[in-house]
Amino acid sequence: MTLRELASKLSLSVQAGADKLDREVSGGYASDLLSCVMARARKGNVWVTLQCHVNVVAVASLLELAGIIITEGAIPDAATLAKASDEGVPILTTSKTTFVVVGELTGLGVRGGE
Amino acid sequence: MVTDGQEGKDTTTEQPLEVTKLQELVYELKIEEVMTKKVVTVSPDDTMRHLKDVLRMSRVSGAPVMRGSELVGIITIEDLIKALEAGDIDAPLGQRMTINVLTVFADETVIQAVNTFGRLGFGRLPVVKRDGKLVGILTQGDIARGLLRQLEIDYHEEEIHSYRASHIFEDIVSDQTGLILRYNVRPHDFSHCGEAASKLKRALQRLGAKPNIVRRIAVASYEAETNLAIHTTNGGQITAEIQPEKIRIVAVDQGPGIPDVEQALQPGFSTAPDWIRELGFGAGMGLSNIKACADEMSLESKPGTGTRLQIVIRL
Numbered sequence: 666m667t668l669r670e671l672a673s674k675l676s677l678s679v680q681a682g683a684d685k686l687d688r689e690v691s692g693g694y695a696s697d698l699l700s701c702v703m704a705r706a707r708k709g710n711v712w713v714t715l716q717c718h719v720n721v722v723a724v725a726s727l728l729e730l731a732g733i734i735i736t737e738g739a740i741p742d743a744a745t746l747a748k749a750s751d752e753g754v755p756i757l758t759t760s761k762t763t764f765v766v767v768g769e770l771t772g773l774g775v776r777g778g779e
Numbered sequence: 090m091v092t093d094g095q096e097g098k099d100t101t102t103e104q105p106l107e108v109t110k111l112q113e114l115v116y117e118l119k120i121e122e123v124m125t126k127k128v129v130t131v132s133p134d135d136t137m138r139h140l141k142d143v144l145r146m147s148r149v150s151g152a153p154v155m156r157g158s159e160l161v162g163i164i165t166i167e168d169l170i171k172a173l174e175a176g177d178i179d180a181p182l183g184q185r186m187t188i189n190v191l192t193v194f195a196d197e198t199v200i201q202a203v204n205t206f207g208r209l210g211f212g213r214l215p216v217v218k219r220d221g222k223l224v225g226i227l228t229q230g231d232i233a234r235g236l237l238r239q240l241e242i243d244y245h246e247e248e249i250h251s252y253r254a255s256h257i258f259e260d261i262v263s264d265q266t267g268l269i270l271r272y273n274v275r276p277h278d279f280s281h282c283g284e285a286a287s288k289l290k291r292a293l294q295r296l297g298a299k300p301n302i303v304r305r306i307a308v309a310s311y312e313a314e315t316n317l318a319i320h321t322t323n324g325g326q327i328t329a330e331i332q333p334e335k336i337r338i339v340a341v342d343q344g345p346g347i348p349d350v351e352q353a354l355q356p357g358f359s360t361a362p363d364w365i366r367e368l369g370f371g372a373g374m375g376l377s378n379i380k381a382c383a384d385e386m387s388l389e390s391k392p393g394t395g396t397r398l399q400i401v402i403r404l
């Protein structure tokens, strides 16, 4: 399933990286602690978090994640969105909680783990 | 860059390398490597009506004419149209075929055929061995398909090649080769945190290091950089020395120092202040992430003086 399909099915708003939504998602990871993401998220994963500051872009870029779903209504600032566009990191937002989003992703077949 | 003199415009060739590769192939590929080997043929005694059926069913626009195993002519859809116009569809095609057939040799390179097609505008060229025996037929479509197939093979081989560790400094030989990259990390600068790791990662990709190793280096250097940004008084420096077989990353700072290194290495232990934890830092996993990614790691510190973290990853 591509990020574009996920965005549509989960009604996520695309805030950045609209041209990079056709990547196939390899799985998912959810955490708000950056080091945990660095340790466990895999290339092509979609990352679900409520962190919306600029460092999430660096993490997603370094790990070559498919994109970031930012939950609980958090909206990244302009500088963060600009950096996301530059680095080609899709950022999708929703007002739903992380728990709900992860449940919906699992329901669509997006898996966690190795 | 090529400048169009008249209008002063720049016409830049975007990917000159790809064009050269194609030219290379055109001069290297043999006709027998791209030709169609199953040739549809007819005999001079067959009628034009028979030719009509053959062309239609085989979906070709022309065919070599064979008397036994000898190539005696070539006949095309154009000849068929003329025959239809003249109401001559039952005539033997031997009467309407072209006798002087232009052929190409199977062991010639594609460039010969390209030139011939360009010059004469024929739809197809019969391919013969040096002894005159028909072995195939060649159209411009065959040439295009053959080149594309070969380009794909070459690209695939290059991809495999570039992932071999020895490729990094392949033509750069010395008694001790090292590429040194230095990055300054400013304290509490979270808008730029991660840039050193990102630049280092790109450098290694450029050099052709294996992707899984690049990832380990990216994670280790990111965590080292983040530690400098979070915990140092005046920031620090990351020095990456890339050698053919390994990379050594050293992160140093001039304070405040770690009172208990053993404690700091424990997973989950962090001295990050609250405002930094709110950003998602301070999980206390940085050093253990580094340890998991590195082949060797050492951490030395003197409170009041500074800290030195050294990581070695084999390439």
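In the order they appear, the protein sequences are chains E and B.
To convert, note that position 20 of the first sequence is 685 in this note's numbering; the numbers rise steadily by one, no gaps.
To convert, note that position 116 of the second sequence is 205 in this note's numbering; the numbers rise steadily by one, no gaps.
In this text, a Cβ means the ideal position worked out from N, Cα and C, and glycines have one as well.
Between E:M703 and chain B, is there a C-beta pair that is closer than 8 Å?
-> Taking Cβ atoms only, chain B reaches closer than 8 Å to E:M703, which makes this a yes.
Could you round the C-beta distance between B:V128 and B:I226 to whole angstroms and report it? I think they count as a contact, below 8 Å.
-> Sure, about 5 Å apart at Cβ, within 8 Å.
For B:G157 and B:N138, the rounded distance between their alpha carbons = First, the amino acid is wrong: residue 138 of chain B is Arg here, not Asn. Rounded to the nearest angstrom, the two C-alpha atoms are 20 Å apart.
Tell me, to the nearest whole angstrom, how far the beta carbon of E:G693 is from that of E:L770; I am working on the premise that it is less than 8 Å.
-> Going by Cβ atoms, the distance from E:G693 to E:L770 rounds to 5 Å, so yes, they are a contact pair.
Sort out for me which residues DSSP pairs B:S390 with in a bridge.
-> In DSSP, B:S390 forms a bridge with B:T396.
Min CB distance E:Q680 to chain B below 8 Å | Taking Cβ atoms only, chain B never reaches closer than 8 Å to E:Q680, which makes this a no.
Spatial neighbours of E:R776 in its chain, beta-carbon cut-off 8 Å, leaving aside the 5 residues before and after | Around E:R776: G692, G693.
Under 7 Å by beta carbon: chain E residues contacting B:G212 | Near B:G212 there are no residues of chain E at all, since even the closest Cβ is about 39 Å away, more than 7 Å.
Are the segment 710-717 of chain E and the segment 284-304 of chain B touching, with three or more C-beta to C-beta distances below 8 Å?
-> No: the two stretches stay apart, fewer than three of their Cβ pairs being nearer than 8 Å.
Spell out whether any CB of chain E is found under 8 Å from the CB atom of B:E312.
-> It does; some Cβ of chain E falls within 8 Å.
Segment limits, beta strand (DSSP E) that includes E:A683 = Here E:A683 belongs to no beta strand (DSSP E), and DSSP marks it neither H nor E.
In whole angstroms, what is the alpha-carbon distance linking E:D751 and B:R403?
-> Roughly 31 Å between the two C-alpha positions.
Is the beta carbon of B:G151 sitting closer than 8 Å to the one on B:I164?
-> Yes, these two residues count as a Cβ contact at 8 Å.
Residues near B:V216 in its chain [Cβ-Cβ closer than 8 Å; skip 5 each side] = The residues are I120, E121, M124, T192, V193, F194, A195, L223, V224, G225, I226, L227.
Mind checking whether B:Q399 and B:R337 have CB atoms under 8 Å apart?
-> Going by beta carbons, B:Q399 and B:R337 fall inside the 8 Å limit.
Beta-carbon contacts of E:S673 that lie in its chain and below 7 Å, excluding the five residues immediately before and after | Non-local C-beta neighbours of E:S673 in its own chain, meaning closer than 7 Å and more than five positions away in sequence, are absent.
Answer yes or no: do E:T745 and E:V724 have a C-beta to C-beta separation smaller than 8 Å?
-> Cβ atoms of E:T745 and E:V724: not closer than 8 Å.
Which residues in the same chain as E:G753 place their Cβ atom closer than 7 Å to its Cβ, once the five residues preceding and following it in sequence are excluded?
-> Correct list, in chain order: G682, K685.
Could you check the C-alpha separation between B:M386 and B:K380 for me, to the nearest Å?
-> Taken atom to atom, the span from the alpha-carbon of B:M386 to that of B:K380 is near 6 Å.
Ordered along the chain, which non-local residues of its own chain (more than five positions away) have a Cβ less than 8 Å from that of B:G162?
-> P133, P153, V154, G183, M186, T187, I188, V190, listed in sequence order.
C-alpha gap between B:G375 and E:I735, whole angstroms | Roughly 23 Å separates the two Cα atoms.
Put E:F764 into one of helix, strand or coil per three-state DSSP.
-> In the structure shown, E:F764 falls within a helical segment according to DSSP collapsed to helix, strand and coil.
Any chance you could list the beta strand (DSSP E) runs of at least 3 consecutive residues sitting entirely within the segment 266-304 of chain B, in chain order?
-> Runs of the beta strand (DSSP E) inside the segment 266-304 of chain B: 268-274.
Measure from the alpha carbon of B:R275 to the alpha carbon of each residue in B:K299, B:K141, B:G344, then state which is nearest.
-> If we check each option's Cα against that of B:R275, B:G344 comes out closest.
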